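Heads up, the thing below is written out as structure tokens.
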Amino acid sequence: MNPVLHTFGSGPPLVFVHGFPLDHRMWKGQLSLADRRRLLLLDLGGFGGSPAPPPPPSIGAYADEVLRGMDLAGLDQAPLCGLSMGGYVLFELWRRARSRISALILCDTRAEADSPEARKARQANMELVRDGRQRDVVDGMLSRLLGAVSLSDPTLVAEVRAMMATMTRAGLLYALEALKDRPDSVGTLGDIEVPVLLVVGVEDAITPPDASESMQRGVPGSRLASIPGAGHLSPLENPGAFNAALLSFLEDFGL
Ligand code: MLT
Numbered sequence: 400m401n402p403v404l405h406t407f408g409s410g411p412p413l414v415f416v417h418g419f420p421l422d423h424r425m426w427k428g429q430l431s432l433a434d435r436r437r438l439l440l441l442d443l444g445g446f447g448g449s450p451a452p453p454p455p456p457s458i459g460a461y462a463d464e465v466l467r468g469m470d471l472a473g474l475d476q477a478p479l480c481g482l483s484m485g486g487y488v489l490f491e492l493w494r495r496a497r498s499r500i501s502a503l504i505l506c507d508t509r510a511e512a513d514s515p516e517a518r519k520a521r522q523a524n525m526e527l528v529r530d531g532r533q534r535d536v537v538d539g540m541l542s543r544l545l546g547a548v549s550l551s552d553p554t555l556v557a558e559v560r561a562m563m564a565t566m567t568r569a570g571l572l573y574a575l576e577a578l579k580d581r582p583d584s585v586g587t588l589g590d591i592e593v594p595v596l597l598v599v600g601v602e603d604a605i606t607p608p609d610a611s612e613s614m615q616r617g618v619p620g621s622r623l624a625s626i627p628g629a630g631h632l633s634p635l636e637n638p639g640a641f642n643a644a645l646l647s648f649l650e651d652f653g654l
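Sequential numbering from 400 applies to the sequence shown in this note's numbering.
This is the structure in structure tokens:
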């Protein structure tokens, strides 16, 4: 299945893969980078109002969508930036097609698979969605996605809620299943041979800073940027600090 593509600007490419249950709009704070780069923002199947992919659900199917998106955009290779679920997808993409990746920017993510408790929580959310209680799933996640400062900004809260509400029932069920059964990527870390930037909001409650610190120990030569005043959605919550870290990484590695 093809992802929905949103392209902006011109120059060296930079590809963005959103988190769950969000879409390309979560990168709105990065659109200012279009004055110097060609930005390719994806909506994976089932996100941003697009139809869910055909079963069976898997993170691998999302990784294949990223490849198809790059093919459609005529990109052989690019730096890839993914947040949380987007990071899980990029680990899978590294295992499948590393020659397409010139650098990885892994934001607010983790390498470990779901714990038994996390799998149970996904299952409970799937039950809620099947019962038509999608709203409860959104409400349950919202307060954990944002840091304290962001939660006091009603406009930002409304934007994130609106993004989450765009997801279809089928898209949510597909994603929850794919996330629940995703492979562990800890063993992949030491195998990554391109420049890696890890970014994490200091108030991230879903993939806390220690998950990024542990990835940094696992990826030789990787760089870690901690974003103040941000929770799990660091690029959206503090775009100034996020973009500065991203640009200095890209510049330092000539990307
Ligand atoms: C995300 O932001 O993509 C999700 O929090 C990932 C997850 O639920 O594991």
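C-beta atoms are modelled at their ideal positions from N, C-alpha and C, and glycine is treated no differently.
Values in this document were obtained by computation on a predicted structure and should not be read as measured data.
Check                                                                                                                      : Outcome
Beta-carbon contacts of D535 that lie in its chain and below 8 Å, excluding the five residues immediately before and after : L527
Nearest candidate by alpha-carbon position, reference H423, set M563, E650, L597                                           : M563
Integer Cβ distance of P452 from G445, believed to fall under 8 Å                                                          : 6 Å
Any non-hydrogen atom of ligand 1 closer than 7 Å to S457 Cβ                                                               : no
Where N524 falls, given that 16 or more other Cβ within 10 Å makes a residue buried                                        : buried
Segment limits, beta strand (DSSP E) that includes L632                                                                    : Premise fails: L632 is in no beta strand (DSSP E) and is neither H nor E.
Local conformation of S542 per DSSP, three classes                                                                         : helix
For D434: DSSP bridge partner residues                                                                                     : Beta-bridge pairing links D434 to no other residue.
Inside the segment 495-530 only - alpha helix (DSSP H) runs reaching at least 4 residues                                   : 515-529
For D590, the nearest candidate out of A610, G620, P607 (CA to CA)                                                         : G620
Check: L555 C-beta below 7 Å from any heavy atom of ligand 1                                                               : no
Touching by the beta-carbon criterion (3+ pairs, under 8 Å), the segment 456-474 and the segment 484-500                   : yes
Distance between beta carbons of L438 and F415, contact taken as under 8 Å                                                 : 7 Å
Per-residue burial, L471 [other beta carbons within 10 Å of its own, 16 or more giving buried]                             : exposed
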